[in-house]
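**Student:**
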Amino acid sequence: MKGKQKAKVKELVERFRANIDVYKRSTYNETQVRREFIDPFFEALGWDMSNKKGDAEQYKDVVHEDTIKIGRSTRAPDYSFRMGGQRKFFVEAKKPAVNIKADVSPSYQLRRYAWSAKLPLSILTDFEELSVFDCQIKPKPTDKPDVARINYITFDQYLDRFDEIYGIFSYEAIRKGSFDRYAESTKGKKGTAAVDTEFLKEIESWRELLAKNIALRNPDVTIYELNYAVQKIIDRIIFLRICEDRGIEPYGQLQTKAESGEIYTHLLNHFKLAESKYDSGIFDFEADRITPALHIDDKVLKTIIQHLYYPESPYEFSVLGVEILGNVYEQFLGKVIRLTAGHQAKVETKPEVKKAGGVYYTPQYIVDYIVKNTVGKLIAEKTPDEIAELKILDPACGSGSFLIGAYTYLLKYHLDWYTSHQPKKHKNAVFQVKENEWYLTTTEKKRILLNNIFGVDIDSQAVEVTKLSLLLKVLENESREGIDQQVKLGLEGMLPNLEDNIKCGNSLIGPDFYETHQTTLFNEDEMRRINVFDWDDDKNGFGKIMKRGGFDCVIGNPPWVDIKGMDPELIDYYFRRYSTTQNRMNIYATFLQKGLEILSEGGMFGFITPNSYLTQSSYTKLRKLILENSWIQNIVRLPDNVFANVKAETAIIILERNGSGPTSILLYDRADGISKISEHTCANKKVFSQKTWLNSPAFIFNIFITENIGQLLRKMERVSLPLQRFCDFSLGLTPYDKYKGHTQQQIKGRVFHSNYKKDESFKPLLSGADVSRYIVDWKSGGWISYGNWLGAPREQRFFTQPRIIVRQIISGEPPHIFACYTEQEFYNAQIGFNLLLKPEVNVSLKFLLALINSRLMTFYHRNRFLDQSKRVFQKILIQDAKNFPIRIMEFSNQGEVAKHDKLVLLVEQMLDLQRKYHAAKMERDKELYERQIIIIDKQIDKLVYDLYGLTEEEIKVVEGE
């Protein structure tokens, strides 16, 4: 096959060489070279250049781009090459008379276009020459033509370099991911700058300019009015500028306003005209009484607008997707304007963003996966009329990435449905552009949006951004003529009003918050911050939807906020209102419960969150709620690098309310680099029955183990009771706690610590290294002043009575649990936790120590509670240890008594050997004791295997054979 394709290229090369003088004449035009050489060249690379397959517009391999304005001339890259409807690269064609190696203009235009579309590579060719550009490098009008050019090939090299060209730009190379891998290898090179990063800098500079100037010229403006006005002005300018490049508005209108005096007055008039034309919330001057009254200097507005036009602007807004814009805005919303005492504007990072370490925008492939597996399953095989009844929600919508994803999916589905069901019968829904090419009407796009898409966010600015993004999506493929025609006919506004769809409020806090907290105790700032939301209210909430049973689909990436440091009244509310709230929880888990509460029967649910809820004890109640009320269809454990510039352990969960069936698991390695989620991109796939988890201790979602290991764990549990039935537990002490009144000076100065005994309050303090297997070896020599002045001193009996200390960090090769026995007075911080034998228990503390230190218990802990891909800093959590399965001993049975006593005896021998080993000064003596320790260890392991009834095959599983 590849040989035939190369032969086609050979034929093209020979024909071009034979008639090169003719082809290089100025009369031989671009259309001719495209038809005679460039189209056949890419056909030889496997592309369907003329849509012989008859695909609908959104699925064509190659789109011959409609003309779109770049600058003041109508021009666009000639081809958009796509896979599954997603652009991969542009090709710009020139006639051979153009010297593409030396001419500045063609390369700048192509790079500007591809950079704005966030495409990594694109091609400029006249067939005689072919230039490949790295379009991750920000284009500048002063760039020479070779800037960002990473490959230059002449036609007489096509055959020698055919494998190279085919290996990157052929249809097969795109399908197999070779193109993406090649593009990825060019990332991070000097000069690369993503369009969203650069545009973020741009609009952040606008915010700074506008905020300072408005604060200066409008001394009565409040902090809330200032934040509102700055974003509203930026939104309006961006909206209209995008409309210009899409051909919906006349090109250069904003630029013309910036060239006159009293720019803001002219802009306001322009905005008011847009209000009558679009009739959407962006230009609603009945609701907005703030911006019309402002004074803004011409210099500020001129600076902003001049940066938006060719050639100074590197942005081509016609291809700047709403997904890219959403990413920009998500970061943009991470900062807020405040006013100083002197009424000067300062832009600062929001406290919650600073605490979280930044804003993390959800990658598009994650949005796509969640939407496909929730919205996609929900609407499959349904008619448009049936879909109209479905309600899709993001309860923490941010800049709207999930709602845009859902809306885009709905638009594609509807277009496919109409085009395959006699489209001419659906004139209100679709219109024909040319053969096999149909578009949804504006009316239909608005109908879908208003019927199906809903969102809530606590941040009013985020709500406005979501609306803006959705409205821009409505305008895709619209024309100025079509809009003007609707206005002339007096039809409804071009854009829908989304006030009833996208609402501002705190999804987690309802009006019942004030049942225990008087409104008079909160000032206006605090009430804005709490921002209660009543889901059942018909006007301000979604009362009608809730009355019909709730939302049919809930999707999103909820906030990840640790409860520590949160306002006490909020913590109190969460614990009172949400049944799954316990211990040290995170707000994302509360969103999981809320999402299930507002999900209708048979509804679909999809979130990406931290994966801590899968195993950690703080989420036991949440896991139980999920298992008892939903079918977990999919869990995807993602790599740690899915969010830019941060490592986070995350997972996607897909649920169906009250359904049933198997659970599919995709386990990506922590270091995998992925750009799509599917069974084809994941090496580790499993299928579980969630009944297994419902019957396991603490309902842990153990996605890491195989079924035979799961059966072995359950076998241990069937003959056991949890360790907490035998022992009282205590965490190690906490020396310092700012919430208990300790100052930063006390904490930094470690005032309760010492390296000697200062007075009688000072007690010997263990470090993690002092806790060996079976014994304490206090070599660190630390001391701590013990008393009620500590952050959390714990009960003193846990440091003085005979006890087991379990070290928190697991180590060794292979890694194993470190637990020791001591009767001496030692104190420990949270390097571990302490166990005292309950008075009514018959077994020996040393018997328990043997089980805890056994190879089998390390195996149990690793497989029941840990992420298997974690190789370092594995920890034992106290809640997990409480559920260690301790073999029930029948003391009425002499054989059982003998086994118990044998283990105790072996532990006593081990304690003696460990003491001798740690005291030995000669290496020869240490080796002698070490060999004996290994022998006793194996004897303990063998007896423990016997206690739990393991077979030889099961022992091999435990020992990794």
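Sequential numbering from 147 applies to the sequence shown in our numbering.
Ideal Cβ placement from N, Cα and C applies to all residues, glycine included.
These numbers come from a predicted model, not from an experiment.
So, is Ile1080 buried or exposed, given that buried needs 16 or more other C-beta atoms within 10 angstroms?
**Tutor:** Classification of Ile1080: exposed, given that the 10 Å Cβ count is below 16.
**Student:** State the CB to CB distance for the pair Leu586 and Leu561, rounded to an integer number of angstroms; the pair is presumed to be in contact (CB under 8 Å).
**Tutor:** Indeed, because the Cβ distance is near 6 Å, the residues count as touching under 8 Å.
**Student:** Going by C-alpha distance, which of Val521, Tyr475 and Glu583 is nearest Glu203?
**Tutor:** Taking only the C-alpha atoms, the option nearest Glu203 is Glu583.
**Student:** Give me, in chain order, the residues of the same chain whose beta-carbon lies closer than 8 Å to that of Ile691; leave out the 5 immediate sequence neighbours on both sides.
**Tutor:** Closer than 8 Å at Cβ, skipping near neighbours: Lys537, Phe600 and Phe697.
**Student:** To the nearest angstrom, how far is it from the Cα of Arg816 to the Cα of Thr1004?
**Tutor:** Near 22 Å, if we compare the C-alpha coordinates of Thr1004 and Arg816.
**Student:** What first and last residue would you give for the beta strand (DSSP E) that runs through Gly522?
**Tutor:** No beta strand (DSSP E) contains Gly522, which is instead part of the alpha helix (DSSP H) from Gln510 to Ile525.
**Student:** Just the Cα atoms here: how many angstroms apart are Gly192 and Arg387?
**Tutor:** Their Cα atoms are separated by approximately 37 Å.
**Student:** At the level of alpha carbons, what is the spacing between Thr726 and Leu466?
**Tutor:** The straight-line gap from Cα to Cα measures roughly 42 Å.
**Student:** Any idea which residues DSSP pairs Val209 with across the strands?
**Tutor:** Paired residues: Ser226.
**Student:** Would you kindly check if the distance between the Cβ of Asn643 and the Cβ of Gly427 is under 7 Å?
**Tutor:** Going by C-beta atoms, Gly427 is nearer than 7 Å to Asn643.
**Student:** Please report the distance separating the alpha-carbon of Asp425 from that of Phe431.
**Tutor:** Near 10 Å, if we compare the C-alpha coordinates of Phe431 and Asp425.
**Student:** Let me check understanding here. Comparing Cα to Cα, which of Pro252, Phe235, Phe236 and Val237 lies closest to Ala243?
**Tutor:** With distances taken between Cα atoms, Ala243 lies closest to Pro252.
**Student:** Taking the alpha-carbon positions, what's the Leu812 to Asn297 distance?
**Tutor:** Between Leu812 and Asn297, the C-alpha separation is close to 38 Å.
**Student:** Considering just the uninterrupted stretch of the alpha helix (DSSP H) at Met692, what are its terminal residues?
**Tutor:** That run of the alpha helix (DSSP H) goes Gly689 to Lys693.
**Student:** In angstroms with no decimal places, state the Cα-to-Cα distance between Phe279 and Ala294.
**Tutor:** The alpha-carbon atoms of Phe279 and Ala294 are separated by roughly 5 Å.
**Student:** Exposed or buried, what is Met229 when buried is set at 16 or more other beta-carbons lying within 10 Å of its beta-carbon?
**Tutor:** So Met229 ends up on the exposed side.
**Student:** In this structure, what does DSSP give as the bridge partners for Ile311?
**Tutor:** Answer is none; Ile311 lacks a bridge partner.
**Student:** Report the partner residues of Leu867 according to the DSSP bridge assignment.
**Tutor:** For Leu867, which the question treats as bridged, DSSP gives the partners Ile1032.
**Student:** Taking the alpha helix (DSSP H) that Gly702 belongs to, which residues open and close that run?
**Tutor:** Unbroken run through Gly702 is the beta strand (DSSP E), Phe697 to Gly702; no alpha helix (DSSP H).
**Student:** Note down, in chain order, each residue of its chain lying with its Cβ closer than 6 Å to the Cβ of Thr508, except the 5 sequence neighbours on either side.
**Tutor:** Cβ within range, chain order: Ser547 and Asn703.
**Student:** In terms of residue numbering, what span does the beta strand (DSSP E) encompassing Arg803 cover?
**Tutor:** Per DSSP, Arg803 belongs to the beta strand (DSSP E) from Thr796 to Arg803.
**Student:** Could you name the residues of the same chain whose beta carbon sits closer than 7 Å to that of Asn473, not counting the 5 residues immediately before and after it, in chain order?
**Tutor:** Asp342 and Tyr507, listed in sequence order.
**Student:** Enumerate in chain order the residues of its own chain whose CB-to-CB distance from Gly933 is below 6 Å, with the five nearest sequence positions on each side excluded.
**Tutor:** Only Ser907 meet the Cβ criterion.
**Student:** Indicate whether His1046 and Phe993 have their beta-carbon atoms separated by less than 7 Å.
**Tutor:** Taking 7 Å as the Cβ cut-off, His1046 and Phe993 qualify as a contacting pair.
**Student:** What does the alpha-carbon distance come out to for the pair Gln377 and Gln607?
**Tutor:** Each residue's alpha carbon lies about 7 Å from the other.
**Student:** If I follow the unbroken beta strand (DSSP E) through Asn1009, where does it start and stop?
**Tutor:** It is not in any beta strand (DSSP E) - Asn1009 instead sits in the alpha helix (DSSP H) that spans Arg1001 to Phe1011.
**Student:** In whole angstroms, give me the CA-to-CA distance for Leu801 and Ile512.
**Tutor:** Each residue's Cα considered, the two are about 16 Å apart.
**Student:** If we call anything under 7 Å between Cβ atoms a contact, is Leu869 one with Ile1032?
**Tutor:** Yes, the pair counts as a contact, with Cβ atoms nearer than the cut-off.
**Student:** Using a C-beta cutoff of 7 Å, does Phe993 count as contacting chain C?
**Tutor:** Note that chain C does not occur in the displayed structure, where there is just one protein chain.
**Student:** Out of Pro266, Gln970, Lys822 and Thr271, which has the shortest C-alpha to C-alpha gap to Lys322?
**Tutor:** Comparing Cα positions, the closest option is Lys822.
**Student:** Less than 7 Å between the C-beta atoms of Thr946 and Glu971, yes or no?
**Tutor:** Their beta carbons are under 7 Å apart, which means Thr946 touches Glu971 by this criterion.
**Student:** Measuring only the C-alpha atoms, how far is Ser1118 from Phe315?
**Tutor:** Given a span of 147 to 1107 for the chain in the structure shown, any question on residue 1118 remains unanswerable.
**Student:** Hey, quick one: how far does the beta strand (DSSP E) through Gln1078 stretch, first residue to last?
**Tutor:** Note, Gln1078: premise wrong, no beta strand (DSSP E); alpha helix (DSSP H) at Glu1069 to Leu1093.
**Student:** Check whether the Cβ atoms of Gly544 and Glu476 lie closer than 7 Å to each other.
**Tutor:** Yes, these two residues count as a Cβ contact at 7 Å.
**Student:** Using a threshold of 7 Å, state whether the C-beta atoms of Lys619 and Val468 are closer than that.
**Tutor:** Their beta carbons are under 7 Å apart, which means Lys619 touches Val468 by this criterion.
**Student:** For Lys1062, tell me which candidate among Asp923, Glu774, Ala263 and Glu610 has the shortest Cα-Cα distance.
**Tutor:** Comparing Cα-Cα distances from Lys1062 to each of Asp923, Glu774, Ala263 and Glu610, the minimum goes to Asp923.
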